[in-house]
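Taking our numbering, the leading residue of the sequence shown gets 147, the next gets one more, and so forth.
Each residue gets a CB set at the ideal place from its N, CA and C atoms; glycine is no exception.
To keep things clear, I will list the structure first and then write my remarks on it.
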Amino acid sequence: MDSIRQNKVGRLIQRDLSEMFQKECKEFTAGAMLSVTAVRVSPDMSYARVYLSIFPSSLTEKVLESLTEKNKSIRFILGKKIGKQTRIIPELKFFVDDSLDYIDKIDSLLKQ
147 MDSIRQNKVG
157 RLIQRDLSEM
167 FQKECKEFTA
177 GAMLSVTAVR
187 VSPDMSYARV
197 YLSIFPSSLT
207 EKVLESLTEK
217 NKSIRFILGK
227 KIGKQTRIIP
237 ELKFFVDDSL
247 DYIDKIDSLL
257 KQ
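Spelled out as structure tokens, the structure:
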């Protein structure tokens with residue numbers, strides 16, 4: 147169970163990363179549309195698991211490679227945004243949130 151502080155930092159990172167991917171870091175997304183669905187922060191605030199929904203899903207691998215390649219510069223830009231609010235800027239790890247694909251699959255199975 148996450149603490150209140152972990153939830154607050156997670157929401158802060160989620161909001162700022164979403165804004166960054168829309169405005170400042172478009173070249174990192176490899177032409178896909180990203181939405182940050184969730185951010186889970188470790189108890190010591192040193193790691194953050196960022197869950198992304200990627201559209202179109204055919205570019206998923208390319209986008210994840212691009213984001214892991216540019217991880218340091220994304221963390222630097224994030225640090226400039228939230229540096230006054232947190233003591234530690236967590237290391238980011240990106241994961242695909244495939245819950246929407248799973249929901250579509252379940253819907254199609256139920257319709258059959």
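A straight-line Cα-Cα distance of about 36 Å links K216 and D253. Look at the stretch 174-242 and you find these whole runs of beta strand (DSSP E), each 3 residues long or longer: 179-187, 193-201 and 237-242. Judged by beta-carbon spacing, L210 lies beyond the 8 Å limit of I159, meaning their Cβ atoms are not closer than that value. In the displayed model, S245 falls within a helix according to three-state DSSP. For a cut-off of 8 Å, the C-beta gap from G156 to V185 is around 4 Å, short enough to register as a contact. DSSP places D162 in the helix class (H, G or I) of the three-state scheme. With contact defined as three or more Cβ pairs closer than 8 Å, the stretch 238-253 and the stretch 192-211 are in contact. Cβ atoms of A176 and S212 come within 8 Å of each other, at about 5 Å. Of all alpha-carbon atoms in I249, D250 and F174, the one lying nearest the alpha-carbon of R221 is that of F174. Here DSSP, grouped into helix, strand and coil, assigns Q258 to coil.
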